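Notes follow once the structure below has been shown.
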Amino acid sequence: MFREVAEQSYNLDTRITDYVAYTFTALPTIFIYIPTIIVFITPLLNLEIGPWGNIAIVTIHLYPGTDPLILLILISDFRGALIKTPQKILNATNSVIQKSTTIL
Numbered sequence: 043m044f045r046e047v048a049e050q051s052y053n054l055d056t057r058i059t060d061y062v063a064y065t066f067t068a069l070p071t072i073f074i075y076i077p078t079i080i081v082f083i084t085p086l087l088n089l090e091i092g093p094w095g096n097i098a099i100v101t102i103h104l105y106p107g108t109d110p111l112i113l114l115i116l117i118s119d120f121r122g123a124l125i126k127t128p129q130k131i132l133n134a135t136n137s138v139i140q141k142s143t144t145i146l
């Protein structure tokens, strides 16, 4: 049993480390650092960005929500669960609907 768990955790580790370094470096750069740098630099260069300055606030607030979504997409077990769960829900609701129409 221990060996199976160790193999599963090793497989999970190798799947995660393939993409995590790139993804979790790119996400904060895109969603946090670049917009924040633009907001800080534009006044120094005497540029007006107007309402576009709100993009930094929006992207900073989007980052915590996108972080776990990336993990759900990258890890194949989670990705499979994301695909199968809506199908299971639809199958369950269809069976309930069929039973209710049969009773009527």
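Just so you know, we're using our numbering here: the sequence shown kicks off at 43 and counts up by one. Ideal placement from N, C-alpha and C gives every residue a C-beta, glycine not left out. Everything numeric in this text was worked out from a predicted model, so none of it was measured.
In three-state terms, what does DSSP make of residue i?
{"i": "Glu90", "result": "coil"}
{"i": "Ile117", "result": "coil"}
Are the CB atoms of residue j and residue i within a distance shorter than 8 Å?
{"i": "Ala98", "j": "Val81", "result": "yes"}
{"i": "Leu114", "j": "Leu124", "result": "yes"}
{"i": "Leu116", "j": "Thr84", "result": "no"}
Would you decide whether residue i is buried or exposed? Buried here means 16 or more other CB atoms lie within 10 Å of its CB.
{"i": "Phe73", "result": "buried"}
{"i": "Pro77", "result": "buried"}
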